[in-house]
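Notes follow once the structure below has been shown.
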Amino acid sequence: MTGPAPVGGRIWNRFTIALAALIGLAIVVLGARFYYGLGAVTNLNDGYPWGLWIAFDVVVGSALGAGGFTVAFMTYILNRGEYHRIIRPALVAALFGYVQATLAVIIDVGRYWDVWHVIVPRYAQVNSVLFEVAVCIMSYTIVLFIEFTPVVLEKLGWTGAKRRLEKVLFFFIAIGVVLPTMHQSSLGTVLVVFGPQVDPIYQTNLLPILFLVSCIGMGLATVVVEGTVSALALARPFERELLGKLMRIGQILAATFLVARFVDLGIRGALPLLFTARAPAVMFWIETALFLTPVLLLGTAASRRDPQRLFVSALTMALGGIVYRLSAYLVAYDTGTGWTYFPSMGEIVVTIGLVAAEILAFIVVIKLLPVLPPARGAEHG
Amino acid sequence: MLTRRTLLKVVAGGAGAAAATSVAGTAHARGNHGMPEKALGLLYDGTLCIGCRACISACKSANDMPAEHTALAIGDYWDAPLDISGKTLNVIKCWKSGTGTHKDQVENGFAFTKVSCMHCADPSCVSACPVSAMTKDPTTGIVKYNIEPCIGCRYCVAACPFGVPRFTFDQAFPKISKCQLCQHRFGEGKYAACAEVCPTGATLYGPVADLKAEVARRRSLAPGTRTTFPRGRVGGTDSYTGTVGKYVDHVYGEREIGGTQVMHLSGVPFALLDKPRLPDVAPASVSESIQHAIYYGLLAPFGFLAALSLLAWRSIRRETPPGGEP
Chain A
24 MTGPAPVGGR
34 IWNRFTIALA
44 ALIGLAIVVL
54 GARFYYGLGA
64 VTNLNDGYPW
74 GLWIAFDVVV
84 GSALGAGGFT
94 VAFMTYILNR
104 GEYHRIIRPA
114 LVAALFGYVQ
124 ATLAVIIDVG
134 RYWDVWHVIV
144 PRYAQVNSVL
154 FEVAVCIMSY
164 TIVLFIEFTP
174 VVLEKLGWTG
184 AKRRLEKVLF
194 FFIAIGVVLP
204 TMHQSSLGTV
214 LVVFGPQVDP
224 IYQTNLLPIL
234 FLVSCIGMGL
244 ATVVVEGTVS
254 ALALARPFER
264 ELLGKLMRIG
274 QILAATFLVA
284 RFVDLGIRGA
294 LPLLFTARAP
304 AVMFWIETAL
314 FLTPVLLLGT
324 AASRRDPQRL
334 FVSALTMALG
344 GIVYRLSAYL
354 VAYDTGTGWT
364 YFPSMGEIVV
374 TIGLVAAEIL
384 AFIVVIKLLP
394 VLPPARGAEH
404 G
Chain B
141 MLTRRTLLKV
151 VAGGAGAAAA
161 TSVAGTAHAR
171 GNHGMPEKAL
181 GLLYDGTLCI
191 GCRACISACK
201 SANDMPAEHT
211 ALAIGDYWDA
221 PLDISGKTLN
231 VIKCWKSGTG
241 THKDQVENGF
251 AFTKVSCMHC
261 ADPSCVSACP
271 VSAMTKDPTT
281 GIVKYNIEPC
291 IGCRYCVAAC
301 PFGVPRFTFD
311 QAFPKISKCQ
321 LCQHRFGEGK
331 YAACAEVCPT
341 GATLYGPVAD
351 LKAEVARRRS
361 LAPGTRTTFP
371 RGRVGGTDSY
381 TGTVGKYVDH
391 VYGEREIGGT
401 QVMHLSGVPF
411 ALLDKPRLPD
421 VAPASVSESI
431 QHAIYYGLLA
441 PFGFLAALSL
451 LAWRSIRRET
461 PPGGEP
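Sequences listed follow chains A and B, in order. Just so you know, our numbering puts 89 at position 66 of the first sequence, and the rest follows in order with no gaps. Just so you know, our numbering puts 342 at position 202 of the second sequence, and the rest follows in order with no gaps.
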């Protein structure tokens with residue numbers, strides 16, 4: 024079996040030019056944000072001090088990148104060599120997901136020029152959940168770059184350096200699993216200190232576990248979506264077996280998430296709240312339907328080999344995690360009467376620009392660097 | 141011999157145990173923090189307040205806060221803020237029902253309330269802040285903001301259940317603003333400006349222990365009888381004789397999220413005054429208990445890391461034949 028290879032081909036086409044245009048638009052809005060302040064371009068206010076940029080770009084964006092650590096765990100910790108073929112695309116997706124999250128943090132914090140204060144020991148506030156999240160995300164982004172370095176060294180043909188790095192890579196792979204399990208669960212714990220400001224449907228001490236379980240599902244789903252889209256767009260083989268196995272795990276995670284959630288609501292006596300006509304209850308049922316889709320669609324072994332079922336399951340799984348995060352951070356949050364929030368045009372343009380940058384970077388990297396597994400001819404028609 | 145299977149079991153068991161402890165009984169393990177013995181605070185008695193707003197103006201000048209423009213139904217006003225904000229640390233709000241003619245009456249009545257930092261015994265903002273910009277003074281218990289470390293993440297704004305820390309969204313170089321009980325004036329022998337200027341003693345400054353005694357005294361008196369009210373600071377020389385209010389049976393701030401150093405008395409239920417109903421347990425204690433259960437001494441993360449490193453090392457070693465590509 025040959026190793027991964029660059030896809031090659033021209034970088035600029037109509038799609039990538041459109042992505043660049045979206046990035047340009049975001050840069051214009053960001054100019055206004057940095058010159059006039061957050062209030063000039065966002066709908067953020069003292070009742071909703073966190074908006075789309077935190078809830079989507081940071082919380083959702085990093086969770087969609089969870090495929091990186093999950094596939095690394097299966098490949099290297101569980102020693103399932105079969106996943107080796109998809110480790111690189113998963114790592115690249117994770118890398119850009121985390122770079123996007125980091126950029127969003129810098130854009131969102133008011134005093135961005137001082138953002139490095141989180142790593143100054145005399146300022147460290149170890150009881151703060153956000154401290155843990157910030158330090159962890161920062162470290163993991165660096166680890167992702169290190170995990171990705173062999174790909175670059177391979178392209179450059181520096182085999183000696185690559186071999187030396189690979190000798191210690193086991194440690195970075197291990198820390199690259201530990202760090203995301205820490206901060207992805209903590210992204211749930213972040214909400215605990217909000218106490219009764221978060222609706223009881225969402226406010227629970229189980230938040231770290233619900234966020235961890237759902238992020239692994241989201242990460243796997245992203246790998247499957249990305250694998251399907253690459254197969255279609257680049258006329259490459261569809262990794263039916265492998266993606267089917269990933270979604271089998273995803274399906275189990277979705278079921279675990281749903282059971283944990285209902286049991287938790289039951290224990291806290293919050294089940295009746297699900298049948299009230301309020302936004303958090305509506306969001307709950309939307310999420311439940313989305314998480315239930317992979318559980319129901321992938322019931323049989325044959326269904327887990329069906330590309331369409333796999334794709335729909337992956338999409339609904341990722342979407343379930345996205346809606347769950349946006350609900351917990353924004354819809355279920357209510358700090359008192361009189362406050363409202365809906366993202367402004369400027370916030371949406373910046374978020375679209377960041378996602379466009381992530382997709383563009385992914386395309387450039389797979390075209391130039393050996394990331395995707397090579398086409399395997401007739402093996403999978 | 142240590143096999144992969146046993147190691148995985150240990151790892152899974154450890155992670156599961158950490159998760160279980162965080163969720164189960166330990167969720168409030170650390171308990172609420174108490175307030176310091178010599179904690180300082182305010183007592184706001186809505187029944188004494190006449191809504192003159194002298195405290196708003198005094199607060200602005202004592203803290204160098206900018207004037208602001210408010211568009212009201214009766215015309216445009218300078219310095220008549222309706223709520224606290226990045227420009228205003230303290231306001232008096234008026235609640236009204238029906239004809240709004242009787243003070244401290246639920247029907248056809250009106251009542252005043254104060255909005256400013258409650259100086260919690262166990263503040264959510266302090267627990268939330270990642271860079272120690274929000275701190276609780278170990279002696280006075282004042283919840284202080286230090287701009288120097290602040291990164292402007294606004295976790296404190298989101299965390300406070302009273303909606304107190306505010307952020308200057310309209311500035312390119314923004315900051316957090318909140319009442320710090322005029323601690324910068326203590327050196328001059330002065331104290332909270334809002335209490336200093338209050339003509340009726342509705343806002344009273346002093347040690348929390350003394351303020352609590354004053355609360356107990358007022359609540360023990362028969363409504364409508366005459367009594368002496370301290371003015372400015374409790375235990376000071378200034379006082380006057382007034383009428384005891386008809387208080388609702390609730391001292392706001394006595395138990396809310398573990399107690400606050402600012403307490404409120406009112407003639408109408410606090411729910412009408414938009415004061416949030418809060419549990420006795422401090423959300424900070426729940427959050428920190430979960431964090432400490434998972435990250436105690438960083439034992440679990442480092443154990444996890446050691447186990448995973450070993451497994452990853454074995455996988456990679458097995459996979460890479462000498463001189464071969466992985």
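Glycine included, each C-beta is placed from N, C-alpha and C at the ideal position.
Cut-off 7 Å between Cβ atoms - residues of its own chain near residue i, not counting five sequence neighbours on either side
{"i": "alanine 332 of chain B", "result": "Leu182, Leu321, Cys322, Tyr345"}
{"i": "threonine 302 of chain A", "result": "The sequence given here has alanine at residue 302 of chain A, not threonine. These residues qualify, in order along the chain: Val354."}
{"i": "glycine 375 of chain B", "result": "Gly346, Asp350"}
{"i": "glutamate 394 of chain B", "result": "Met403"}
Residues that residue i contacts on chain A, provided the C-beta gap is smaller than 9 Å
{"i": "arginine 395 of chain B", "result": "None at all; the shortest Cβ gap to chain A is about 14 Å."}
{"i": "arginine 193 of chain B", "result": "Going along chain A, no residue has its Cβ under 9 Å from arginine 193 of chain B, so there is no contact; the nearest lies around 20 Å."}
Contacts of residue i in chain A (Cβ-Cβ under 7 Å)
{"i": "tryptophan 453 of chain B", "result": "Phe193"}
{"i": "serine 427 of chain B", "result": "Val152, Thr212, Val215, Val216"}
{"i": "cysteine 293 of chain B", "result": "Val132, Leu153"}
{"i": "proline 441 of chain B", "result": "Val201, Met205"}
{"i": "alanine 298 of chain B", "result": "Pro72, Trp73, Phe217"}
{"i": "leucine 445 of chain B", "result": "Ala197, Ile198, Val201"}
{"i": "alanine 424 of chain B", "result": "Val216"}
{"i": "leucine 180 of chain B", "result": "None at all; the shortest Cβ gap to chain A is about 23 Å."}
{"i": "serine 449 of chain B", "result": "Phe193, Phe194, Ala197"}
C-beta neighbour in chain E for residue i, strict 9 Å
{"i": "aspartate 414 of chain B", "result": "Looking for chain E here will not work: the only protein chains present are A and B."}
Sequence-distant residues of its chain with Cβ nearer than 8 Å to residue i (five each side left out)
{"i": "valine 246 of chain B", "result": "Ser237, Val408, Pro409, Leu412"}
{"i": "lysine 284 of chain B", "result": "Met274, Thr275, Lys276, Asp277, Gln320, Gln323"}
Cross-chain neighbours of residue i in chain B, by beta carbon under 8 Å
{"i": "glutamate 155 of chain A", "result": "Gln431, Tyr435"}
{"i": "arginine 284 of chain A", "result": "Neighbours of arginine 284 of chain A on chain B: none; closest Cβ ~13 Å, over 8 Å."}
{"i": "glycine 70 of chain A", "result": "Gly303"}
{"i": "tryptophan 181 of chain A", "result": "Within 8 Å Cβ-Cβ: nothing; tryptophan 181 of chain A doesn't reach chain B, min ~13 Å."}
{"i": "valine 141 of chain A", "result": "Pro270, Val271, Ile291"}
Counted within 10 angstroms of its Cβ, other Cβ atoms place residue i as buried (16 or more) or exposed
{"i": "threonine 365 of chain B", "result": "exposed"}
{"i": "aspartate 69 of chain A", "result": "buried"}
{"i": "lysine 276 of chain B", "result": "buried"}
{"i": "proline 173 of chain A", "result": "buried"}
{"i": "serine 360 of chain B", "result": "exposed"}
{"i": "proline 340 of chain A", "result": "A small correction: the amino acid at residue 340 of chain A is methionine; proline does not occupy that position in the sequence shown. Buried, since its Cβ has 16 or more Cβ neighbours within 10 Å."}
{"i": "serine 317 of chain B", "result": "buried"}
{"i": "aspartate 378 of chain B", "result": "exposed"}
{"i": "threonine 279 of chain B", "result": "exposed"}
{"i": "valine 286 of chain A", "result": "exposed"}
{"i": "tryptophan 410 of chain A", "result": "Limits of chain A in this structure are 24 at one end and 404 at the other, which puts residue 410 of chain A out of reach."}
{"i": "threonine 65 of chain A", "result": "buried"}
{"i": "serine 201 of chain B", "result": "exposed"}
Cβ neighbours of residue i in the same chain (closer than 6 Å, five flanking residues each side left out)
{"i": "proline 330 of chain A", "result": "Phe261"}
{"i": "asparagine 172 of chain B", "result": "Asp262, Gly398, Ala422, Ser425"}
{"i": "threonine 279 of chain A", "result": "Val236"}
{"i": "tyrosine 159 of chain A", "result": "The question names tyrosine, but residue 159 of chain A in the sequence shown is cysteine. The residues are Leu202, Met205, His206."}
{"i": "threonine 251 of chain A", "result": "Phe334"}
{"i": "glutamine 148 of chain A", "result": "Phe154"}
Whole-number beta carbon distance between residue j and residue i, since they are thought to touch under 8 Å
{"i": "valine 213 of chain A", "j": "valine 156 of chain A", "result": "6 Å"}
{"i": "serine 427 of chain B", "j": "valine 216 of chain A", "result": "4 Å"}
{"i": "tyrosine 380 of chain B", "j": "phenylalanine 369 of chain B", "result": "6 Å"}
{"i": "leucine 257 of chain A", "j": "valine 30 of chain A", "result": "6 Å"}
{"i": "leucine 180 of chain B", "j": "glycine 281 of chain B", "result": "7 Å"}
Partner residues on chain B for residue i, Cβ-Cβ distance less than 9 Å
{"i": "phenylalanine 57 of chain A", "result": "Ala312"}
{"i": "leucine 265 of chain A", "result": "Within chain B, no residue comes near leucine 265 of chain A; the closest Cβ sits about 17 Å away, beyond 9 Å."}
{"i": "threonine 299 of chain A", "result": "Residues of chain B passing the Cβ test: none, with the nearest at roughly 18 Å."}
Beta-carbon neighbours of residue i, restricted to chain A and to distances below 8 Å
{"i": "proline 206 of chain B", "result": "Neighbours of proline 206 of chain B on chain A: none; closest Cβ ~15 Å, over 8 Å."}
Contacts of residue i in chain B (Cβ-Cβ under 7 Å)
{"i": "valine 138 of chain A", "result": "Ile291"}
| said: Check whether the segment 98-114 of chain A and the segment 450-458 of chain B are in contact - that is, three or more C-beta pairs closer than 8 Å. | reply: yes
Say whether the segment 177-189 of chain A touches the segment 381-400 of chain A, bearing in mind that this needs 3 or more beta-carbon pairs closer than 8 Å, one atom from each stretch. yes
ask   = Does the segment 244-259 of chain B touch the segment 128-137 of chain A, meaning 3 or more C-beta pairs lie closer than 8 Å?
value = As far as the Cβ criterion goes, the segment 128-137 of chain A does not touch the segment 244-259 of chain B, which means the pair count is below three.
Pairs of beta-carbons, one from the segment 215-229 of chain B and one from the segment 297-306 of chain B, closer than 8 Å: are there three or more? yes
| said: Using 8 Å as the cut-off, can you tell me whether the segment 226-245 of chain A makes contact with the segment 179-188 of chain A, which would need three or more C-beta pairs spanning the two stretches below that distance? | reply: no
Assess, as a yes-or-no matter, whether the segment 292-299 of chain A is touched by the segment 350-369 of chain A under the definition of 3 or more beta carbon pairs within less than 8 Å. no
Say whether the segment 84-94 of chain A touches the segment 190-205 of chain A, bearing in mind that this needs 3 or more beta-carbon pairs closer than 8 Å, one atom from each stretch.
yes
Task: Stretch-stretch touch, CB-based, cutoff 8 Å, three pairs: the segment 361-378 of chain A with the segment 41-56 of chain A - done: yes
Checklist entry - Is the segment 103-121 of chain A touching the segment 378-389 of chain A, taking contact as three or more C-beta pairs under 8 Å? => result At 8 Å Cβ cutoff, the stretches touch.
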